[in-house]
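One structure below.
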Amino acid sequence: MNTDDFRRLIGACSEVAEMFPDGAVFIGGIAVYLHAINHDTTKSLAETTHDADFYISLADMGDLRDIEELTPNRQLSKHQMFKHSFEFDIYTERHSSLSVPYDAVAANSVVYDRMRVAALEELLVLKLRAYEDRFGTVKGEKDARDLMRIALVAHQLGFAAPRAAQYLGDEDIAALRRVERSSTAAELAGGNAQQAKQLRQQFAAFVTAIQASLQCGESVAPTTSATADKKSGLGR
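Numbering that gives the first Met the number 0 applies: residue 0 is where the sequence shown begins, and numbers increase by one.
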């Protein structure tokens, strides 16, 4: 996507954020981009996206229906809309099949330029589900890069591993290790072998911390939403 088109997409996202400043939380690739672009050590690694996804409260979804034309996708438990020609996937509190309940995503969310986005811990789980669903595809390769970006931002900001680990299992750790062994670090480093090695080491340490938390069974405060069983990931 060219720069002008991406600015238009960001503008469309900003309009959604202005309508629902507390109830709409961006997830997926747009959330990873906003985390990466807003921190000096990862700014150069930020990657644009062609569309956007957000999680929305049940109350705000009712208002959104009155404002925008929404198309249900019952198979994937989401709705879709087009705003300024950009596609948005919308996941609704209590109605979506995402792995992390809306309450947890909203409670831990952060804000960049008035746009509310999922925190790294919840975003990691959602993006990992997308990677597992789309492994072996072009979108899956983008998911792998986004997983590594999340780890690199976490290296700077810190990461509450138990918050993510409560939704994960051994197969998820195996998927993260697969990203570690892949060419993803080299892709992000632009072929710079030394930088790729450093990125891979940081990602490996990140995965090890999550694995240790999972094995220790560290607890976190329970959420009040529906169960957080492993389900599907997010669309983008």
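Idealized CB from N, CA, C, for every residue including glycine.
Strand pairing of Arg115, partner residues [DSSP]
Indexing the sequence shown from 1 puts residue 115 at position 116. BP columns for Arg115 point to Val110.
Ile89 - partner residues in DSSP beta bridges
The residue you call residue 89 lines up with position 90 of the sequence shown. Answer by DSSP bridge pairing, in chain order: Phe53 and His78.
Between the C-alpha atoms of Thr48 and Gly28, what's the straight-line distance to the nearest angstrom?
In the sequence shown, counting from the first residue as 1, residue 48 sits at position 49. In the sequence shown, counting from the first residue as 1, residue 28 sits at position 29. Computed Cα separation, rounded: 6 Å.
Beta-carbon proximity list for Val104, same chain, < 6 Å, skipping 5 on both sides
Taking the sequence shown and counting its residues from 1, one reaches residue 104 at position 105. The residues are Val24, Tyr54, Ala117 and Glu121.
Give the range of the alpha helix (DSSP H) segment to which Phe202 is assigned.
Residue mapping note: residue 202 aligns to position 203 of the sequence shown, counting from 1. Looking at the DSSP string, the run of the alpha helix (DSSP H) that includes Phe202 is Ala192 to Cys215.
Glu92: buried (16+ other C-beta within 10 angstroms of its C-beta) or exposed?
As a position in the sequence shown, residue 92 is number 93, starting the count at 1. Glu92 should be labelled buried.
What residue does the beta strand (DSSP E) around Thr2 start on, and which one ends it?
Counting from one through the sequence shown, the residue named residue 2 turns up at place 3. Counting along the chain, Thr2 falls outside any beta strand (DSSP E), though it belongs to the alpha helix (DSSP H) covering Thr2 to Met18.
For Asn72, tell me which candidate among Asp65, Ala45 and Met80 has the shortest Cα-Cα distance.
As a first step, residue 72 is located in the sequence shown; it is residue number 73 there, counting from the start. Comparing Cα-Cα distances from Asn72 to each of Asp65, Ala45 and Met80, the minimum goes to Met80.
Beta-carbon spacing of Leu33, Met114 below 8 Å:
Here the question's residue 33 lines up with position 34 in the sequence shown. Here the question's residue 114 lines up with position 115 in the sequence shown. In contact: Leu33 and Met114 (Cβ atoms closer than 8 Å).
Option nearest Leu44 by Cα separation, candidates Gly61, Ala35 and Asp132:
On the sequence shown, residue 44 is found 45 positions in, with the first residue counted as 1. Looking at the Cα atoms, Ala35 is the closest of the given residues.
For Ile26, which beta-bridge partners are listed by DSSP?
As a position in the sequence shown, residue 26 is number 27, starting the count at 1. Ile26 pairs with Asp52.
Residues of its chain near Ala185, where Cβ-Cβ distance is below 7 Å and the 5 sequence neighbours each way are ignored
Taking the first residue of the sequence shown as position 1, residue 185 is located at position 186. Cβ neighbours of Ala185 beyond the five flanking positions: Ala195.
For Leu233 and Asp52, what's the separation of their Cα atoms in angstroms?
The residue given as residue 233 occupies position 234 in the sequence shown. The residue given as residue 52 occupies position 53 in the sequence shown. For Leu233, the predicted model reports a pLDDT of 42, less than 50, meaning its position is unreliable and no value from the coordinates is stated.
Pairwise C-alpha distance: Leu125 and Asp88
Here the question's residue 88 lines up with position 89 in the sequence shown. Here the question's residue 125 lines up with position 126 in the sequence shown. Taking the straight line from one Cα to the other gives about 14 Å.
What span of residues does the beta strand (DSSP E) with Pro71 cover, start to end?
Taking the sequence shown and counting its residues from 1, the one referred to as residue 71 is at position 72. Per DSSP, Pro71 belongs to the beta strand (DSSP E) from Thr70 to Asn72.
Check for me: the alpha helix (DSSP H) holding Ala153 runs from which residue to which?
Residue mapping note: residue 153 aligns to position 154 of the sequence shown, counting from 1. From DSSP, the alpha helix (DSSP H) with Ala153 extends over Val137 to Leu156.
What separation, rounded to the nearest whole angstrom, lies between the Cα atoms of Arg133 and Asp62?
The residue labelled residue 133 in the question sits at position 134 within the sequence shown. The residue labelled residue 62 in the question sits at position 63 within the sequence shown. Each residue's alpha carbon lies about 32 Å from the other.
Look at the alpha carbon of Asp145 and the alpha carbon of Leu69, and state the distance between them as a whole number of angstroms.
Numbered from 1 along the sequence shown, position 146 holds the residue referred to as residue 145. Numbered from 1 along the sequence shown, position 70 holds the residue referred to as residue 69. Between Asp145 and Leu69, the C-alpha separation is close to 28 Å.
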